[in-house]
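Numbering (the numbering used here), first residue to last: 269 to 424.
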Ligand code: HEC
């Protein structure tokens with residue numbers, strides 16, 4: 269009898285853990301929009317954090333394109349590295365739990381791509397190659413913007 273109660277408690281706890289993992293790792297905090305995108309609901313400060321990171325991408329891309337036009341591969345590599353994984357590590361954990369898995373996967377892959385682009389720019393020194401890589405990673409910006417929007421929780 270006692271064993272059965274213990275097993276039931278363990279089973280319930282495992283279910284709770286599985287539900288929490290699903291909520292914070294896979295599902296995130298999202299609402300479906302009429303245009304087919306998903307709106308991720310964040311606190312205003314968290315939304316500002318993500319949008320600031322986005323604007324940093326645009327600034328980095330501006331530096332990269334200028335550097336590539338001058339065939340300055342050192343500067344191109346430095347700009348790419350600035351958009352790499354190092355830039356992703358400051359994300360607050362509570363916010364990461366609200367991001368759906370698809371968003372996190374795509375976001376981290378963009379940061380990893382920029383690290384790879386930086387390495388190649390340094391080692392190959394070929395602007396055309398870097399431009400082709402850049403075009404590929406821009407495809408991920410486009411894909412994510414087609415799928416997600418961000419809303420501030422206070423607007424609900
Ligand atoms: C993982 C998903 C994702 C990726 C990858 C991504 N973005 Fe975004 N971006 C978003 C979302 C979501 C928003 C908010 C859009 C909204 O709420 O309408 C956004 C907003 C922006 C904004 C508006 C910022 C502001 O202040 O309003 C810019 C600019 C931007 N992204 C540029 C980029 C660029 C450039 C890249 C690629 C290097 C990129 N993003 C990659 C999801 C992404």
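Backbone N, C-alpha and C define an ideal beta-carbon position, used for all residues, glycine too.
Since we're looking at a predicted model, the values are computed, not measured.
- In terms of side-chain proximity, the C-beta atom of residue 301 is found no nearer than 6 Å to any non-hydrogen atom of the ligand HEC.
- The alpha carbon of residue 389 has as its nearest neighbour, out of 333, 286, 372, 306, the alpha carbon of 333.
- In the DSSP assignment, residue 307 falls outside any alpha helix (DSSP H) and within the unbroken beta strand (DSSP E) covering 306-310.
- By the C-beta criterion, the segment 345-356 is judged not to be in contact with the segment 276-296, since fewer than 3 inter-stretch pairs fall below 8 Å.
- With fewer than 16 other Cβ atoms inside 10 Å of its own Cβ, residue 342 counts as exposed.
- Runs of the alpha helix (DSSP H) spanning 4 or more residues and lying entirely within the segment 311-358 occur at 312-337, 341-350, 353-356, in chain order.
- For residue 397, the CB contacts under 7 Å within the same chain, skipping 5 residues up- and downstream, are 388 in chain order.
- Counting only the Cα atoms, residue 363 lies some 11 Å from residue 293.
- Nearest C-alpha to residue 419 among 299, 285, 289: 299.
- Taking a 10 Å sphere around the C-beta of residue 366, we find 16 or more other C-beta atoms and assign the residue as buried.
- For residue 280, the enclosing alpha helix (DSSP H) stretches over residues 270-289.
- When 316, 369, 330, 270 are compared, the shortest CA-CA separation from residue 297 is found for 369.
- For the 7 Å CB-CB criterion, residue 378 and residue 405 form a contact.
- When the alpha-carbon of residue 374 is set against those of 273, 285, 301, 407, the nearest one is in 407.
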